Every structure is written in C-alpha cells, then in structure tokens.
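Worksheet: the structure to be examined is printed underneath.
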Amino acid sequence: MAKSWKEKFFSKENFEIKTIQKNFWGHVAGSKMLIPTPLMIQEYINQIESGKVSKIETMRNDLAIENGADFTCPMTTGIFLKIVAEYNYEKLNQKRVDICPFWRIIDPNSKFSERLSFDKNLIVSKRNKEDISV
C-alpha cells in the first residue's frame with residue numbers, strides 16, 4: 002500500500018549536506034549540497050507573511066545559506082515541496098487550522114502546479130484572499 006502524504010511528510014527527519022562528486026545543476030564537483038526535509042520546507046513557507054510570496058529558487062538559496070551549503074538540491078526540494086503541498090491540502094479538506102500556506106510559494110501558472118493532485122484554481126483563490134496578484 003502506498004504511503005499517505007502525512008507518512009511521506011514525516012518519513013525524512015534529518016537533513017543532509019553532501020559533497021557532490023561531479024558537476025550538478027550548474028554547481029562544480031566539490032560543492033556542498035543541502036538535501037532538506039519536508040519539515041524544513043514547511044517551516045520556511047510558514048515564515049512567509051500573509052499577502053507576500055516567495056520563489057522556490059529563493060527558498061533553495063536561503064536554505065542553503067542557513068545550513069552552510071553551497072546550494073539546495075532542486076530535485077529533492079521539488080519532491081518535498083509537493084509532499085508539503087499535498088499534505089496541507091489534505092489538512093485543508095479536513096478543516097484543520099494548522100495549514101502551511103503553500104500557495105505563497107507555488108506559482109499557479111508554473112509547471113510545478115500542474116503536477117499537484119488538486120486544481121491550481123485553489124492556489125489562485127487562496128492568493129486572491131490575501132490580495133496577492135496572480
């Protein structure tokens with residue numbers, strides 16, 4: 002049976018910093034790459050003020066700097082951001098109040114938003130409620 006979004010969210014407890022052995026995503030061999038956790042990504046998003054947005058690239062850069070790495074792995078960031086969004090979408094449907102505002106970092110017009118299980122109009126609606134232009 003497949004893991005739930007909640008199980009996926011809590012499955013990786015510790016971040017890692019790895020020294021890459023070969024060039025990767027524009028970074029040279031020997032660079033330090035942060036592999037974050039879903040919780041790190043959620044905590045970052047939770048700090049974005051209501052009515053404000055951030056970019057995924059900005060989050061990756063900030064997380065790398067905060068954790069002493071040269072860059073944050075874009076692939077795991079994408080995977081874990083999806084986990085954060087899907088898990089919090091489930092919580093939203095359960096009428097819970099402890100929702101991470103994933104709509105502040107996921108652009109509804111991005112290819113990333115197309116990979117989510119829910120319609121991007123939810124992101125648009127949430128942004129409109131916070132007076133965030135789309």
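Be aware that the sequence shown starts at 2, since it is given in the working numbering, and climbs by one per residue. Quick reminder that beta carbons are idealized off the backbone N, C-alpha and C, glycines included. Here the structure is a predicted model, which means the values were calculated and not measured.
Is the beta carbon of residue 83 sitting closer than 8 angstroms to the one on residue 105? no
Just checking, does the segment 90-102 make contact with the segment 54-67 on the three C-beta pairs under 8 angstroms criterion? no
Straight-line CA distance for residue 121 to residue 87? 12 angstroms
Quick one: give me the first and last residue of the beta strand (DSSP E) that residue 67 is part of. Careful: residue 67 lies outside any beta strand (DSSP E), inside the alpha helix (DSSP H) at 57-67.
Could you tell me the alpha carbon to alpha carbon distance between residue 57 and residue 8, rounded to whole angstroms? 23 angstroms
Quick one: measure Cβ to Cβ for residue 39 and residue 85, integer angstroms, because I've assumed they're closer than 8 angstroms. 5 angstroms
Exposed or buried, what is residue 89 when buried is set at 16 or more other beta-carbons lying within 10 Å of its beta-carbon? buried
For residue 34, does the three-state DSSP call read helix, strand or coil? strand
In terms of alpha-carbon separation, which member of 48, 49, 124 lies closest to residue 110? 124
Neighbourhood of residue 18 by C-beta distance below 6 angstroms, restricted to the same chain and skipping five residues each side: 33, 35, 70
Work out the CA separation of residue 135 and residue 11 for me, nearest whole Å. 31 angstroms
By the 10 Å Cβ neighbour count, where 16 or more other Cβ atoms means buried, how is residue 43 classified, buried or exposed? buried
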